Amino acid sequence: MDLKGEIRVLKERENEFGQKMEQWQKREEWFVMKMNCMNRKITEMEDGMTVKMEEWKNKEELNALEIEEVEAQNVELMVKLEEVEAQNVELRVKMEEVEAKNVNLRGRNKAMKENIELANLKVKWLTALVVILVGLWIVYFGGKGWLKKKMLALP
């Protein structure tokens, strides 16, 4: 081969190499574009994850605050429950006192009823005795005088 043939072969190879270089440059540009696109997507995903992490952190902080509020309310309710239990004990003591007074009053009421019955019985006996005495008086004195008139006027 002569020098012209070799130059021509080299030029052909140079053309092929230039075409391959263009193809490789296009592929490199496409690859760089894809890499940039992927980097943007990754950055967006990272930003989204950062935002979500901040949201989760905020939610955790809010939940912690709510838990603290609920615990404070729970403490308040426990204090109120203790107060109500103390009042309940006081009311039970008062109820026992009232029941004791009620028993005492029942006893006194029963005794008063017995006394009233006894007094009624005494009144009946005294009334009968008075009637007998008045009758004897009338019989003894012969039915004269104002007592006879009064006794006869009685129904």
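The sequence shown runs contiguously to residue 155 in full-length UniProt numbering. All C-beta atoms in this analysis are idealised placements derived from N, C-alpha and C, irrespective of residue type, glycine included. These numbers come from a predicted model, not from an experiment.
query	result
ASP47 (DSSP reduced to helix, strand or coil)	helix
Beta strand (DSSP E) runs contained entirely in the segment 49-100, provided each spans 3 or more residues	none
Between the CA atoms of GLU46 and MET21 - distance to the nearest angstrom	36 Å
Spatial distance of GLU114 from THR127 (CA atoms)	20 Å
Alpha carbon of ASN15 to alpha carbon of MET49, nearest angstrom	49 Å
Own chain partners of GLU83 with C-beta closer than 8 Å, once the 5 adjacent residues on each side are dropped	none
Cα-Cα separation, TRP24 to LEU65	59 Å
Cβ of MET78 within 8 Å of any chain B Cβ	Although the question refers to chain B, the structure presented lacks it and comprises just one protein chain.
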